[in-house]
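Residue numbers (numbering that gives the first Met the number 0), protein chains in the order written: chain A, 0 to 329; chain B, 0 to 422. Beta carbons: idealized from backbone N, C-alpha and C, even for Gly.
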Amino acid sequence: MASALARQAAPTGGARPGRRDAGWPGRRGVTGRRPGRRGVTRRQRVAGWGLALPFLLIFAVFMAGPVLASAAMSFTDLRSADLRDPLAVDPVGVDNYVRLLGDETLRRAAANTAWFVLLGVPLTMVLGLAAAVALDAGISRFRTFFRVGYYLPVVTSIVAVAVVWRFLLEPDSGLVNTALARLGVDGPAWLSDTRTALPSLVVMAAWRNMGFLMVVFLAGLQAIPGELHEAAAIDGCGAWARFRHVTLPLLRPTLLFGGVVTGIGYLQFFEEPFVMTGGGPLDSTLSVAFYIYQQFGFGNYSYAAAIAYVLFVAVVGLTAAQFRLMRSKT
Amino acid sequence: MRHWRQATALVAALALGVTGCGRDDGGPGPGGPAAGGAVAEGKATGEITVWAMGAEGEKLKALADDFTRDNPGAKVTVTAFPFDAAHDKLATAIAGRQTPDVSMMGSTWMGEFAKTGALDPTPPGLFDRAAFFPGAWDTTVVDDTSYGVPWYVETRLIYHRTDLAAKAGVGKPANWQELTAFAKGLKQTGGAKWGISLQPGGTGAWQSFLPFAWQAGADVLADGKFTLDTPQMRTALEYYASFFRQGLAPGQVAPGAQESGFISGDIGAFVSGPWHMSILREQGGAALEGKWDVAPMPREQAGTSFIGGADLVVYRDTDNRDTAWKFVRYLTSPAAQQKLYDLVGSLPAVTATWQSGKLADDPLLKAFGAQLADAKSPPAMATWEQVADVIDDGIERVVRGVTDPATATREMQAKASAIGTGS
């Protein structure tokens with residue numbers, strides 16, 4: 000904001016006001032220095048790079064390096080037998096990428112992942128939003144208690160959660176089927192039926208992650224000025240109309256954030272099938288991330304890297320799509 | 000835009016850098032199986048590092064102390080770690096060329112790690128292969144070269160409730176027909192909910208299924224080619240699935256449910272290894288005592304069971320090859336094998352150890368010893384884990400009735416052939 004004003008006020012040509020004057024000669028053409036450098040001296044530049052160097056080194060060695068190495072790896076035929084001499088491999092071009100296009104199991108995993116995102120993201124967001132609205136408006140007593148309660152699954156170890164959920168979903172003696180039996184319904188074998196295994200994991204993931212979205216949405220709700228609601232109420236709006244026309248539009252940026260974060264997380268869903276079903280029954284809960292893990296385990300390193308890059312592209316694509324869909328209408 | 004171009008250039012440069020490498024030859028791992036020289040006679044000297052997993056890893060120190068008492072010039076450093084982390088830890092060590100001198104190795108990992116060229120071939124003449132159970136020795140052989148020595152073994156028998164069997168009037172099954180009748184009897188007359196519990200699919204189902212395949216005369220591999228699509232394999236798959244189709248075996252087993260089901264009498268029998276003896280004694284208590292026994296595998300073409308366990312390997316990058324192999328030889332001596340059994344209850348891979356003591360007297364242990372003489376392991380190949388996954392999948396499809404055995408064996412054969420043996 001400030002810089003935009005300064006630019007507007009700046010007269011065309013001549014010295015720029017409002018700039019820090021350290022080292023800035025103020026007379027163009029005298030020193031022959033490009034104005035784009037903004038008068039940073041050589042010494043300052045050295046100091047700047049020197050200070051940034053530790054971070055840059057760590058970034059290059061531990062972040063960019065592995066990322067680029069795995070990208071290079073996906074164009075070779077590196078397998079577990081090459082462990083001792085990882086550089087002695089043959090480049091195979093895009094063979095790995097061609098191969099994954101025809102991989103039936105990967106297609107199955109991609110479909111499972113797509114379903115998981117399509118069902119899971121809206122469900123988690125609706126549950127998170129409902130909890131946030133209830134905490135924001137309705138429940139004033141024990142608010143902290145509920146906030147902690149809903150957030151608890153987010154910070155609980157997935158292994159502990161898995162054990163409990165497996166007990167709940169146990170077909171003969173589990174709580175879910177016992178409750179269904181009271182109602183006269185014969186519950187399915189949730190995790191070992193190909194039709195119910197993936198939806199069961201979706202519900203579990205929504206339950207586990209709604210607490211995080213609830214906290215985020217609650218913060219967003221509390222930032223909406225109360226006057227707007229009051230004004231709408233005076234104009235004769237009911238609770239639903241206020242929610243629809245005041246809360247939701249103002250919450251849009253928060254919803255976008257929630258959708259993006261949950262979408263990224265769900266596209267890479269791995270822990271749920273890993274601890275609950277092992278990808279089964281009959282690959283019905285096999286996710287792309289889990290398939291990558293399996294291929295790494297089988298020692299097909301280059302193929303696994305290629306799939307990982309395809310998944311990365313999918314994550315970027317989904318995020319871009321969400322930004323397009325949810326951007327504010329201005 | 001400029002950043003993108005720079006990144007693209009960087010990736011291209013890296014790709015070119017990789018292009019500059021390339022394999023030396025199409026053969027096995029770097030170095031190939033060039034047999035090492037003989038191991039020198041005399042006392043062992045110098046330091047070696049040994050990695051071992053699980054309960055054996057924790058107790059190996061005691062055995063190492065005995066070794067250094069006999070060889071005062073030698074020092075053995077033992078590093079123990081849990082089995083879950085073992086595969087990755089070994090792979091990382093090989094990739095980083097930071098291998099120990101000796102390590103324990105899961106018997107089904109031999110093919111994969113031998114292919115990397117990191118393992119030292121077993122020196123000829125140092126071990127007498129006839130001293131070991133044949134199925135155990137076979138786990139060390141990759142492409143006709145042995146890369147290690149069996150350390151301890153386990154095999155699978157049929158645990159069953161003798162009280163329910165007596166009620167049903169059925170005895171230990173001698174063949175497939177009798178096994179079916181046995182499971183039927185336990186269920187219909189014996190009062191069990193399920194006659195027998197077999198793994199219906201999922202990771203590791205092959206361990207449960209392959210014994211039946213071997214019993215039918217089928218095998219995974221013959222002359223370097225997969226033989227998963229044979230009439231014998233179809234027969235075995237059909238037979239395995241028949242237990243589920245007839246309602247004799249449960250279609251799903253929750254973790255821990257097998258033990259509790261067996262103790263309560265809901266499950267009449269199950270197939271498992273020696274570790275279940277202590278689990279049943281602990282969890283069953285006095286109520287279960289004298290009510291169960293183990294039976295050998297039924298005999299059709301053969302009476303083969305599965306053999307598992309761990310091998311000992313020496314790494315090629317060792318600085319002290321002689322001492323490393325001497326330590327392995329010590330660990331596989333009958334006395335050390337006996338001590339390992341006394342310490343952790345691991346069954347000895349050396350047959351001589353079974354001639355005396357509890358291993359020769361205890362009827363349950365004797366049954367395991369007898370079965371070990373007819374027990375097999377899948378062929379050691381680099382791609383075994385992946386092929387095993389294909390077999391697991393085929394089993395599950397047939398058990399669930401998604402495909403018939405003929406289609407399943409055809410698919411298993413096609414997928415396994417596409418994966419190859421990695422050689």
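Within 9 angstroms (strictly less), CB to CB, does residue i reach chain B?
| i | result |
| --- | --- |
| residue 111 of chain A | no |
| residue 199 of chain A | no |
| residue 78 of chain A | yes |
| residue 165 of chain A | yes |
| residue 170 of chain A | yes |
| residue 26 of chain A | Per-residue confidence for residue 26 of chain A stands at a pLDDT of 43, beneath the threshold of 50, marking its modelled position as unreliable; no derived number is given. |
Given that residue i touches chain B, what residues does it touch there, using C-beta distances under 9 angstroms?
| i | result |
| --- | --- |
| residue 186 of chain A | By Cβ distance, chain B contributes nothing, its closest Cβ being about 14 angstroms from residue 186 of chain A, past 9 angstroms. |
| residue 271 of chain A | Result: empty, since nearest Cβ-Cβ is about 16 angstroms, beyond 9 angstroms. |
| residue 156 of chain A | Ordered by position in chain B, no residue passes the 9 angstroms Cβ test against residue 156 of chain A, which lies about 16 angstroms from the chain. |
With a threshold of 16 other CB atoms inside 10 Å of the CB of residue i, please say whether the residue is buried or exposed.
| i | result |
| --- | --- |
| residue 70 of chain B | buried |
| residue 47 of chain B | buried |
| residue 357 of chain B | exposed |
| residue 268 of chain A | buried |
| residue 198 of chain B | buried |
| residue 61 of chain A | exposed |
| residue 280 of chain A | buried |
| residue 394 of chain B | buried |
| residue 412 of chain B | buried |
| residue 177 of chain A | exposed |
| residue 29 of chain A | The predicted model places residue 29 of chain A with a pLDDT of 45, which falls under 50 and marks its position as unreliable; any figure quoted below should be read in that light. Counting Cβ neighbours within 10 Å, residue 29 of chain A comes out exposed, since fewer than 16 surround it. |
Along chain A, in chain order, which residues have C-beta atoms closer than 7 angstroms to that of residue i?
| i | result |
| --- | --- |
| residue 396 of chain B | 281 |
| residue 140 of chain B | Simply none; closest approach about 17 angstroms. |
| residue 384 of chain B | 296 and 297 |
| residue 251 of chain B | 188 and 191 |
| residue 421 of chain B | 80 |
Run down chain B in chain order and give the residues with a C-beta less than 7 angstroms from the C-beta of residue i.
| i | result |
| --- | --- |
| residue 69 of chain A | None at all; the shortest Cβ gap to chain B is about 10 angstroms. |
| residue 107 of chain A | Within 7 angstroms Cβ-Cβ: nothing; residue 107 of chain A doesn't reach chain B, min ~11 angstroms. |
| residue 64 of chain A | What residue 64 of chain A touches in chain B: nothing, since even the nearest Cβ is about 10 angstroms away. |
| residue 277 of chain A | 201 and 202 |
DSSP has residue i in a bridge; who is on the other side?
| i | result |
| --- | --- |
| residue 72 of chain A | DSSP, once it has assigned bridges, lists no residue as partnering residue 72 of chain A. |
| residue 309 of chain B | B:105 and B:151 |
| residue 160 of chain B | B:291 |
| residue 271 of chain B | B:156 |
| residue 131 of chain B | B:349 |
| residue 312 of chain A | Residue 312 of chain A is not bridged to any residue. |
| residue 418 of chain B | Residue 418 of chain B is not bridged to any residue. |
| residue 384 of chain B | Bridge partners of residue 384 of chain B: none, in fact. |
| residue 45 of chain A | Per DSSP, none; premise fails for residue 45 of chain A. |
| residue 304 of chain A | DSSP lists no partner for residue 304 of chain A. |
| residue 57 of chain B | DSSP output for residue 57 of chain B lists no bridge partner at all. |
| residue 52 of chain B | B:80 |
| residue 374 of chain B | B:304 |
Determine whether the Cβ of residue i lies closer than 9 angstroms to any Cβ atom of chain A.
| i | result |
| --- | --- |
| residue 96 of chain B | yes |
| residue 83 of chain B | no |
| residue 406 of chain B | no |
| residue 111 of chain B | yes |
| residue 159 of chain B | no |
| residue 388 of chain B | yes |
| residue 343 of chain B | no |
| residue 415 of chain B | no |
| residue 401 of chain B | yes |
| residue 217 of chain B | no |
| residue 329 of chain B | no |
| residue 275 of chain B | no |
Let me check you understand the geometry: is the CB of residue i closer than 8 angstroms to at least one non-hydrogen atom of the ligand HEM?
| i | result |
| --- | --- |
| residue 291 of chain B | This structure lacks the ligand HEM; in fact it carries no ligand of any kind. |
In chain A, which residues lie less than 8 angstroms from residue i when you measure between Cβ atoms?
| i | result |
| --- | --- |
| residue 93 of chain B | 82 and 83 |
| residue 114 of chain B | 79 and 80 |
List, in order along the chain, the chain A residues whose C-beta lies closer than 9 angstroms to that of residue i?
| i | result |
| --- | --- |
| residue 90 of chain B | 79, 82 and 298 |
| residue 117 of chain B | 82 and 83 |
| residue 381 of chain B | 78, 79, 80 and 298 |
*Kindly provide the ranges of any alpha helix (DSSP H) runs that are 4 or more residues long and lie completely inside the segment 176 to 236 of chain B, ordered along the chain.*
Scanning the segment 176 to 236 of chain B for uninterrupted alpha helix (DSSP H) segments of 4 residues or longer gives 204 to 214, listed from N- to C-terminal end.
_Short of 9 angstroms Cβ to Cβ, which residues in the segment 291 to 317 of chain A face chain C?_
In the structure shown, chain C does not exist; the protein chains are A and B.
_Contiguous alpha helix (DSSP H) assignments of at least 4 residues, all confined to the segment 132 to 169 of chain A_ = With a minimum length of 4 residues, the continuous alpha helix (DSSP H) runs that stay inside the segment 132 to 169 of chain A are 142 to 154 and 157 to 168.
*asked:* Which complete beta strand (DSSP E) runs does the segment 72 to 107 of chain B hold, if anything under 3 residues is left out?
replied: Counting whole runs of 3 or more residues, the segment 72 to 107 of chain B contains the beta strand (DSSP E) stretches 73 to 80 and 101 to 105.
*Scan the segment 185 to 251 of chain A and note each continuous alpha helix (DSSP H) run of 4 residues or more that stays entirely inside, going in chain order.*
196 to 221, 225 to 233 and 238 to 241, all fully within the segment 185 to 251 of chain A.
*Let me know the alpha helix (DSSP H) ranges lying completely inside the segment 244 to 269 of chain B, each 4 residues or longer, listed in chain order.*
Counting whole runs of 4 or more residues, the segment 244 to 269 of chain B contains the alpha helix (DSSP H) stretches 256 to 263.
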